[in-house]
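In this text, residue positions in the sequence shown follow the working numbering: the first is 1450, and each later residue adds one.
By construction, the Cβ of each residue, glycine as well, lies at the ideal position given by its N, Cα and C atoms.
The model shown is predicted, which means the values in this text are computed figures rather than measured ones.
Below: one structure, written as structure tokens.
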Amino acid sequence: MNLWRKLAPIAGASLIALVASCGQVEEPASTVTGDPIRIGFVCSCSGAQSHALGRMADVAEAWTESVNASGGINGHPVEVILKDDGLDAARSLQAVKELVENDKVMAISGEASLVSSSWVNYLADKKVPVVGGLTFSTPYETSPDFFSTGASLTLQEYGAYSLAKEQGAEKLGFLYCSDSPTCKDSAGVAEKIVKGLGMEIVSAPVSSTAPNYTAQCLQMRDEGVDALMILNSGPVQARVLSSCAQQGYTPTTVSSAGGSSDTWTQDPNFDGRLMSSAIAPWQDDSVPGVRTFLDAIDTFAPDLRGSELFQQPAALVWAGLELFKAAAEGGGVGPQSTPADVRNGLYGLVDETLDGWTAPLNFREGETSSVPCYFVMGIEDGAFVSPGGADPICVDDGVYTGLKALRAR
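Here's what the structure looks like:
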């Protein structure tokens, strides 16, 4: 039983053309029948950030097929209903309304939308939880209805800037994407964090559609930037580094792991990169949950690994769906369960790590997610590495409270 559901476009949004992997590999058949547990999935799979998120629907499909082939959740099959918002806030809100009011989903899970802020008030009114997804989005820091699997964008930025500081940097360059509201919000936050760490900062926006980034590279070089942070998708970061290398400018580079992709290991400009990550290093198959993820992708989306579109957001989508699974299993969720049942399952989790994907997770009713830990990964000699192992680094309460306050202002 294939319970991956394709729906007509909403409000002009494009329907994802899912890549059918049947015929390429022998896929395990679903072992469950009957009424499904129904959840919603929203992504910005088309639009300006499709080069980063274009295959996230395939990741959600792989998770669905994998779970159903392994007995479903509490003996029930899972149905995931997809909406693509095209990076349009109005379309995104309409998509969520359809999922809640027409499809009667009990949760949105593994979301990959860059305009999820448009749902916050609506979902607060409907009391429908968002269970994991792109944890770098602002609602995970500000809304108790968004349940995070890992470090917020603010904490990831702190981790990346701390890595630059540890490498001896004195002036950090911050190049942020001009195509996403989330990125724009980060410019002011970056300045406060970097200065708080005792470094100077030089900031500039970069467009994902620019033909080159020579001007920004020359600006960073001429202003004495000795460590560079690029907040953008993997392909854009590669083009920025290529432009800089052509000018003979090769500073230390740090980032969050958000744009990291398999292709980075094939590009010498990324060698030596250090990254903070919301969740465990997503290519480290010594982590049980990561191994399960990679095996499922190989089975159900075999053309994805090794491609430019296999990026760290795929792991965030997977971890979000795994968080729903953990809450549903712990809370005894079934086809007739409600959003309240899903919430209760989340509140019942104690130090949940999703097989090593996350720092210990605990959620409390009425409070925003609190995950004061990040992971570190890097690229060395053309391979992803986990410096110091795959354990999280946790900040003290004072630092974490201060970082949360930065985004709330």
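Where D1537 falls, given that 16 or more other Cβ within 10 Å makes a residue buried
By the neighbour-count criterion, in which 16 or more other beta carbons inside 10 Å mark a residue as buried, D1537 falls on the buried side.
Rounded C-alpha distance that separates G1472 from A1750:
Low confidence applies here, because G1472 scores a pLDDT of 36, under 50, leaving its location unreliable; read the following figure in that light. Straight-line spacing of the CA atoms in G1472 and A1750 works out to 11 Å.
In terms of alpha-carbon separation, which member of V1844, S1479, L1572, G1496 lies closest to R1792?
Of V1844, S1479, L1572, G1496, the smallest CA-CA separation from R1792 is found for L1572.
Under 8 Å between C-beta atoms of F1623 and A1600
Their beta carbons are not under 8 Å apart, which means F1623 does not touch A1600 by this criterion.
Is T1802 helix, strand or coil when you go by DSSP?
In the structure shown, the three-state DSSP call for T1802 is coil.
Would you please state the rounded distance, in angstroms, between the beta carbons of Q1761 and S1709? I believe it to be under 8 Å.
Right, the Cβ-Cβ distance comes to about 5 Å (below 8 Å), so this counts as a contact.
My parser needs the alpha helix (DSSP H) runs of 4 or more residues fully inside the segment 1660-1686; what are they?
If we require 4 residues or more, the alpha helix (DSSP H) runs fully inside the segment 1660-1686 come out as 1663-1671.
Give me the DSSP bridge partner(s) of C1626.
Residue pairing by DSSP puts C1626 in a beta bridge opposite V1655.
Within 10 Å of its beta-carbon, does E1514 have 16 or more other beta-carbons around it, so buried, or fewer, so exposed?
Classified as buried, E1514 has 16 or more neighbouring CB atoms from the shown chains inside 10 Å of its CB.
Going by beta carbon distance, what residues of the same chain come within less than 8 Å of I1650, once the five residues before and after it are set aside?
The residues are K1620, L1621, G1622, F1623, A1639, E1640, V1643, K1644.
Compare the C-alpha of L1803 against each of S1835, L1765, V1834 and name the closest.
For the residues S1835, L1765, V1834, the minimum Cα distance to L1803 belongs to L1765.
Taking the alpha-carbon positions, what's the T1807 to F1719 distance?
Going by the C-alpha atoms only, they are around 25 Å apart.
When the Cα atoms are used, what is the spatial distance from S1652 to M1678?
Approximately 10 Å, taken between the alpha carbons.
Rounded straight-line distance, which links the Cα of Y1610 to that of K1853
If you draw a straight line from the Cα of K1853 to the Cα of Y1610, it comes to about 16 Å.
Could you tell me the distance, in whole angstroms, from the CA atom of S1786 to the CA atom of M1555?
S1786 and M1555 have their C-alpha atoms spaced approximately 7 Å apart.
What residue ranges within the segment 1690-1753 form continuous beta strand (DSSP E) runs of no fewer than 3 residues, ordered along the chain?
As far as the segment 1690-1753 is concerned, its whole beta strand (DSSP E) runs of at least 3 residues are 1701-1705, 1723-1726.
With distance defined between alpha-carbon atoms, name the residue in G1581, V1834, F1596 nearest to G1721.
When each option's Cα is compared against that of G1721, the closest is V1834.
Report the partner residues of C1632 according to the DSSP bridge assignment.
Its beta-bridge partners do not exist; DSSP assigns none.
Closest Cα partner of V1820 within the set T1603, G1535, A1613, L1531
Here the closest residue by C-alpha is T1603.
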